[in-house]
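Asks:
There are 2 protein chains.
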Amino acid sequence: MRVGIIGAGQLGRMLALAGYPLGIQTRFLDPNANGSGGQVGPVVVGEIDDAARIDALARQVDVVTFDIENVPVDTLRAGTADSIVRPPPEALSIAQDRLNEKQLFGRLNIPAAPYMPIASLGDLERAPDALGWPIVLKARRLGYDGRGQRLVQSAAELEVAWRELGRVPSLAEGWVDFERELSLIAVRGSDGATAFYPLAENVHVDGILHTTTAPYQDERTQSRAEDYLALMLAELDYCGVLTVEFFLADGELMANEIAPRVHNSGHWTIEGAQTSQFENHMRAIVGLPLGGTSPTGFSFMLNLIGELPDRERLLKIAGLHLHDYGKTPRPKRKIGHCTLVTATEEERSVRADELIAVAGIP
Amino acid sequence: MRVGIIGAGQLGRMLALAGYPLGIQTRFLDPNANGSGGQVGPVVVGEIDDAARIDALARQVDVVTFDIENVPVDTLRAGTADSIVRPPPEALSIAQDRLNEKQLFGRLNIPAAPYMPIASLGDLERAPDALGWPIVLKARRLGYDGRGQRLVQSAAELEVAWRELGRVPSLAEGWVDFERELSLIAVRGSDGATAFYPLAENVHVDGILHTTTAPYQDERTQSRAEDYLALMLAELDYCGVLTVEFFLADGELMANEIAPRVHNSGHWTIEGAQTSQFENHMRAIVGLPLGGTSPTGFSFMLNLIGELPDRERLLKIAGLHLHDYGKTPRPKRKIGHCTLVTATEEERSVRADELIAVAGIP
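Right under this line is the structure:
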């Protein structure tokens with residue numbers, strides 16, 4: 034079985050590494066032959082928005098997937114006309130546009146923050162009347178890791194925010210005073226079989242995921258989140274891993290965004306769940322049975338951002354699992370992560386403190 | 034950090050896969066560029082007994098190791114004159130010759146089966162007087178997976194056994210009526226820090242490892258085995274993973290053979306221990322701190338030999354971890370393994386039965 038992955042970042046790298054034991058050979062499409070993914074598998078060198086190169090990849094494999102959301106959907110469809118693409122390109126086109134996301138949530142009656150589509154400064158100036166203060170201005174496309182967002186706290190800031198975001202089609206979102214950020218990862222097989230991981234709690238710093246703690250144990254919330262994802266999986270006739278980020282506000286979930294792929298908030302599953310999100314994505318897209326998603330302990334994941342802390346000091350922490358992505362250090366760049374899995378919550382908290390003392394806060 | 038592995042079989046493959054998350058890049062030396070290891074990392078194509086090719090590998094990496102015991106030690110030394118080799122070639126030269134092994138056990142007062150060196154048919158004919166019946170005739174060199182051994186039960190069979198083994202320098206070993214076969218895996222860092230995995234119980238079929246069940250829980254036996262390995266690690270100034278196979282006879286350990294490398298009876302550690310034998314070997318040889326060796330549950334490992342059972346049926350077994358080595362099926366060839374890790378011994382036994390029902394007995 035051969036899987037083609039568009040994009041060879043750390044997600045592709047971890048997908049490839051999860052695929053090998055299953056007997057799955059991976060090929061990447063990426064402009065960089067020696068990047069994070071290219072260090073662990075062969076690369077078809079090319080741009081991810083070049084239909085001819087996507088086609089060159091697709092012809093070498095049985096199924097095409099992606100580790101990046103920026104692949105233009107029309108190009109993807111053109112490059113894979115005769116191929117199986119999983120997850121479905123439709124899911125990608127929804128995730129690429131915040132308006133599509135909001136409309137999906139609305140169509141399925143999944144609670145989300147109130148919003149207004151913004152096409153002009155005039156639209157934006159009218160938004161606070163409906164949404165109150167503050168508002169969050171979010172570009173509809175190409176936003177991730179906190180990019181493409183501005184918090185606007187007064188009328189005086191509206192014009193600056195509009196200009197800074199590039200006067201692009203956007204959404205204005207009402208402020209949600211959330212208690213927590215949670216995410217749920219689901220996987221759906223090609224036969225429709227579905228499995229859910231436990232909810233995970235995420236902490237962002239400067240818009241970039243900093244830590245994930247899992248499982249987040251609350252049966253009612255877990256069950257509600259699963260219901261929401263089940264609706265989306267069915268609506269999209271989905272295959273593979275789907276991640277949805279939620280706010281928890283007044284004890285209720287509000288969908289924030291979807292990622293039609295393995296997700297940073299699921300990295301803990303490599304050691305902390307019976308089957309990792311990476312292995313389950315690979316199993317799903319090649320048509321193999323899904324693996325168990327139950328947690329094996331109490332997990333804590335810390336992203337390594339910008340620069341790798343001293344490797345020896347990290348690895349001296351009892352039970353620490355290091356994941357070095359093989360990337361060149363650069364400010365705000367995710368270059369690795371660490372996971373701890375412990376038998377008790379207390380132990381997790383002690384070890385997490387040790388880890389933060391070594392790795393620092395980005 | 035770059036590690037060169039002489040040999041690109043499944044052990045090299047799993048070493049490379051364990052190295053990537055640590056930020057270790059692997060290169061292999063192997064005649065086959067697309068074999069089990071070559072599918073997951075670059076290969077310097079060449080014979081493993083060619084000093085010039087070993088040298089070519091060594092020049093590309095920081096430390097050289099091996100996944101195979103057949104590397105001629107003089108060739109290895111010649112090809113790595115300016116390089117770091119771990120484990121030490123001395124350990125390899127002991128493991129390559131059963132007489133050296135026996136002498137090591139003797140020197141360290143580690144119990145082992147009684148034996149006589151055999152250089153001629155005359156030697157062999159005298160052996161039963163000292164050792165009794167039956168005896169096991171074992172070629173001193175190049176024996177593994179049951180090859181190079183003959184059970185001899187009567188005087189009439191002596192000449193046939195001697196001929197069939199090729200009239201090569203051998204050992205005659207007295208028969209040990211053992212209750213169990215156990216193995217202990219140790220790892221020693223470049224700073225002398227040492228860690229031991231729990232004992233594992235092995236079942237061989239036709240001389241080839243069939244199943245491993247771990248941990249084998251008996252404090253006294255564990256402690257004695259650790260004492261024996263500690264003696265060997267110190268004697269050899271060892272670095273990396275060392276495996277020793279034991280017989281348990283009348284409740285006492287008798288050393289059978291040593292392997293200066295990761296070992297088939299330690300494959301369960303990938304999912305069944307805090308840190309796998311593969312990761313710990315890599316950590317040790319590049320000078321990183323060792324990882325924890327405690328078990329995460331009750332493990333059962335089954336080798337897949339000759340032919341891969343139906344992948345779907347295997348992966349439908351709850352909690353099953355498949356390791357497909359990417360090798361061409363061939364009778365008696367190890368082409369993969371499966372591991373189950375469960376929370377209770379009872380559950381392990383139920384799941385192991387399920388697995389055996391699907392995979393069969395080789």
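Read top to bottom, the protein sequences are chains A and B. The first sequence begins at 34 in my numbering and counts up one residue at a time. The second sequence begins at 34 in my numbering and counts up one residue at a time. Even glycine gets a Cβ: it sits at the ideal position worked out from N, Cα and C.
If we count Cβ pairs, one from each stretch, closer than 8 Å, do we get three or more for the region 249–257 of chain B versus the region 339–353 of chain B?
Replies: These segments do not touch.
Asks: Assuming arginine 344 (chain B) contacts tyrosine 271 (chain B) (C-beta within less than 8 Å), just tell me the rounded distance between them.
Replies: Within the second sequence, residue 344 (chain B) is the residue found at index 311, counting from 1. Within the second sequence, residue 271 (chain B) is the residue found at index 238, counting from 1. Contact flag wrong, Cβ pair sits at about 38 Å.
Asks: Return no unless some Cβ of chain B is closer than 8 Å to the Cβ of arginine 316 (chain A).
Replies: On the first sequence, position 283 is the one that residue 316 (chain A) refers to. Output row for arginine 316 (chain A): interface = yes.
Asks: Using the beta-carbon count (16 or more within 10 Å), is glycine 225 (chain A) buried or exposed?
Replies: Counting from one through the first sequence, the residue named residue 225 (chain A) turns up at place 192. Classification of glycine 225 (chain A): exposed, given that the 10 Å Cβ count is below 16.
Asks: Would you identify the three-state DSSP class for lysine 349 (chain B), choosing helix, strand or coil?
Replies: As a position in the second sequence, residue 349 (chain B) is number 316, starting the count at 1. Coil, per DSSP.
Asks: So which residues on chain A does glutamate 345 (chain B) lean against when the C-beta distance must stay under 7 Å?
Replies: In the second sequence, the residue the question calls residue 345 (chain B) occupies position 312. Result: Leu321, Pro322.
Asks: Whole-angstrom Cβ separation of alanine 163 (chain B) and methionine 149 (chain B), contact assumed at under 8 Å?
Replies: Along the second sequence, one-based indexing puts residue 163 (chain B) at 130. Along the second sequence, one-based indexing puts residue 149 (chain B) at 116. The Cβ separation is near 6 Å, so the contact holds.
Asks: Please confirm if threonine 329 (chain A) has its CB atom under 8 Å from at least one CB of chain B.
Replies: For this step, residue 329 (chain A) is matched to residue 296 along the first sequence. Threonine 329 (chain A) counts as touching chain B.
Asks: What residues in its chain sit with their C-beta under 7 Å from that of isoleucine 350 (chain A), if we drop five residues either side in the sequence?
Replies: Here residue 350 (chain A) is taken as the residue at index 317 of the first sequence, counted from 1. Once the five neighbours on either side are set aside, the close Cβ partners of isoleucine 350 (chain A) are Arg384, Glu387, Leu388, Val391.
Asks: Determine the burial state of isoleucine 394 (chain B): buried for a count of at least 16 other Cβ atoms within 10 Å of its Cβ, exposed for fewer.
Replies: Position 361 of the second sequence, counted from the first residue, corresponds to residue 394 (chain B). Flag for isoleucine 394 (chain B) reads exposed.
Asks: I think aspartate 63 (chain A) touches alanine 41 (chain A), with their Cβ atoms under 8 Å apart; what is that distance to the nearest whole Å?
Replies: The sequence position of residue 63 (chain A) within the first sequence is 30, counting from 1. The sequence position of residue 41 (chain A) within the first sequence is 8, counting from 1. The Cβ separation is near 4 Å, so the contact holds.
Asks: With a cut-off of 8 Å, does the C-beta of tyrosine 148 (chain A) fall near any C-beta of chain B?
Replies: The residue given as residue 148 (chain A) occupies position 115 in the first sequence. Closer than 8 Å: no.
Asks: Bridge partners of glycine 369 (chain A), per DSSP?
Replies: Reading the first sequence from its first residue, position 336 is the one you call residue 369 (chain A). Answer is A:Leu337, A:Asp357.
Asks: How many angstroms separate the CA atom of glycine 369 (chain B) from the CA atom of phenylalanine 333 (chain B)?
Replies: Here residue 369 (chain B) refers to the residue found at position 336 when the second sequence is read from its first residue. Here residue 333 (chain B) refers to the residue found at position 300 when the second sequence is read from its first residue. Going by the C-alpha atoms only, they are around 14 Å apart.
Asks: Glycine 352 (chain A) touches chain B at which residues, Cβ-Cβ below 7 Å?
Replies: Sequence index remark: in the first sequence, residue 352 (chain A) carries index 319 (1-based). Gln307, Gly325, listed in chain order.
Asks: Would you mind listing the alpha helix (DSSP H) stretches within the region 151–183 of chain A that are 4+ residues and don't spill past its ends, in chain order?
Replies: Listed in chain order, they are 154–164.
Asks: Among the residues of its own chain, which have a CB less than 7 Å from the CB of alanine 51 (chain A), if the five just before and after it don't count?
Replies: On the first sequence, residue 51 (chain A) is found 18 positions in, with the first residue counted as 1. Taken in chain order, the residues that qualify are Ser309, Phe311, Glu312, Met315.
Asks: Return the residue from the list A:Ile318, A:Leu281, A:Ser382, A:Leu335 that minimises the CA-CA distance to threonine 302 (chain A).
Replies: Position 269 of the first sequence holds residue 302 (chain A). Cα-wise, what sits closest to threonine 302 (chain A) is A:Leu335.
Asks: Let's test the definition: count the other Cβ atoms within 10 Å of the Cβ of arginine 140 (chain A) and tell me whether it reaches 16, buried, or not, exposed.
Replies: Numbered from its first residue, the first sequence carries residue 140 (chain A) at position 107. Exposed is the call here.
Asks: Could you name the residues that DSSP lists as bridge partners for leucine 217 (chain A)?
Replies: Working through the first sequence from its first residue, we reach residue 217 (chain A) at position 184. Leucine 217 (chain A) pairs with A:Val277.
Asks: Between the Cα of glycine 37 (chain B) and the Cα atoms of B:Leu198, B:Pro248, B:Ile117, which residue gives the shortest distance?
Replies: Here the question's residue 37 (chain B) lines up with position 4 in the second sequence. The candidate whose alpha carbon is nearest that of glycine 37 (chain B) is B:Ile117.
Asks: Less than 8 Å between the beta carbons of isoleucine 291 (chain A) and alanine 205 (chain A), yes or no?
Replies: Counted from its first residue, the first sequence places residue 291 (chain A) at position 258. Counted from its first residue, the first sequence places residue 205 (chain A) at position 172. No, the Cβ-Cβ distance between isoleucine 291 (chain A) and alanine 205 (chain A) is not below 8 Å.
Asks: Residue range of the beta strand (DSSP E) that glycine 207 (chain B) falls in?
Replies: Sequence index remark: in the second sequence, residue 207 (chain B) carries index 174 (1-based). Unbroken beta strand (DSSP E) run through glycine 207 (chain B): 203–207.
Asks: Leaving out five residues before and five after glutamine 307 (chain A) in sequence, what residues of the same chain have Cβ atoms less than 7 Å from its Cβ?
Replies: To locate residue 307 (chain A), count along the first sequence from 1; it is residue 274. Closer than 7 Å at the Cβ level, and outside the excluded window around glutamine 307 (chain A), lie Gly324, Gly325, Thr326, Ser327, Thr329.
Asks: In angstroms, rounded to a whole number, what distance separates the CA positions of threonine 361 (chain A) and phenylalanine 211 (chain A)?
Replies: One-based indexing of the first sequence puts residue 361 (chain A) at position 328. One-based indexing of the first sequence puts residue 211 (chain A) at position 178. Answer to the nearest angstrom: the Cα atoms are 35 Å apart.
Asks: Taking CB distances under 8 Å as the criterion, tell me whether glycine 42 (chain B) reaches chain A.
Replies: By 1-based counting over the second sequence, the position of residue 42 (chain B) is 9. Chain A contact via Cβ: absent.
Asks: Below 8 Å, how does it come out for the region 106–115 of chain B and the region 72–84 of chain B: are there three or more Cβ pairs, yes or no?
Replies: Verdict: yes, contact present.
Asks: Using a Cβ-Cβ cutoff of less than 6 Å, which residues in the same chain neighbour glutamate 104 (chain A) once the five nearest sequence positions on both sides are dropped?
Replies: Translated into the one-based positions of the first sequence, residue 104 (chain A) becomes position 71. What sits at residue 104 (chain A) in the sequence shown is valine, not glutamate. Around valine 104 (chain A): Ile39, Ile81.
Asks: Can you tell me the Cβ-Cβ gap for glutamate 259 (chain B) and leucine 191 (chain B), rounded? I've got them flagged as a contact below 8 Å.
Replies: Taking the second sequence and counting its residues from 1, the one referred to as residue 259 (chain B) is at position 226. Taking the second sequence and counting its residues from 1, the one referred to as residue 191 (chain B) is at position 158. Glutamate 259 (chain B) to leucine 191 (chain B), Cβ: 39 Å. No contact.
Asks: Cβ atoms of valine 319 (chain A) and aspartate 95 (chain A): under 8 Å apart, would you say?
Replies: As a position in the first sequence, residue 95 (chain A) is number 62, starting the count at 1. As a position in the first sequence, residue 319 (chain A) is number 286, starting the count at 1. Result yes, Cβ atoms of aspartate 95 (chain A) and valine 319 (chain A) sit closer than 8 Å.
Asks: Say whether chain A places a C-beta atom closer than 8 Å to the C-beta of leucine 55 (chain B).
Replies: Here residue 55 (chain B) corresponds to residue number 22 of the second sequence, with the count starting at 1. Yes, leucine 55 (chain B) lies at the interface with chain A (some Cβ there is under 8 Å from its Cβ).
Asks: Helix, strand or coil for phenylalanine 138 (chain B) per DSSP?
Replies: Counting from 1 along the second sequence, the entry for residue 138 (chain B) is found at position 105. Correct three-state label for phenylalanine 138 (chain B): helix.
Asks: Quick one: measure Cβ to Cβ for arginine 60 (chain B) and leucine 90 (chain B), integer angstroms, because I've assumed they're closer than 8 Å.
Replies: Taking the second sequence and counting its residues from 1, the one referred to as residue 60 (chain B) is at position 27. Taking the second sequence and counting its residues from 1, the one referred to as residue 90 (chain B) is at position 57. Confirmed, Cβ separation roughly 6 Å.
Asks: I need the DSSP call for asparagine 67 (chain A), collapsed to helix, strand or coil.
Replies: Within the first sequence, the letter at position 34 stands for residue 67 (chain A). Three-state DSSP puts asparagine 67 (chain A) in coil, outside helix and strand.
Asks: Any C-beta of chain A sitting closer than 8 Å to the C-beta of leucine 355 (chain B)?
Replies: Here residue 355 (chain B) refers to the residue found at position 322 of the second sequence. For leucine 355 (chain B), the answer is yes, since a Cβ of chain A falls inside 8 Å of its Cβ.
Asks: With C-beta atoms as the reference, is leucine 157 (chain A) less than 8 Å away from leucine 170 (chain A)?
Replies: Position 124 of the first sequence, counted from the start, is the residue given in the question as residue 157 (chain A). Position 137 of the first sequence, counted from the start, is the residue given in the question as residue 170 (chain A). Taking 8 Å as the Cβ cut-off, leucine 157 (chain A) and leucine 170 (chain A) qualify as a contacting pair.
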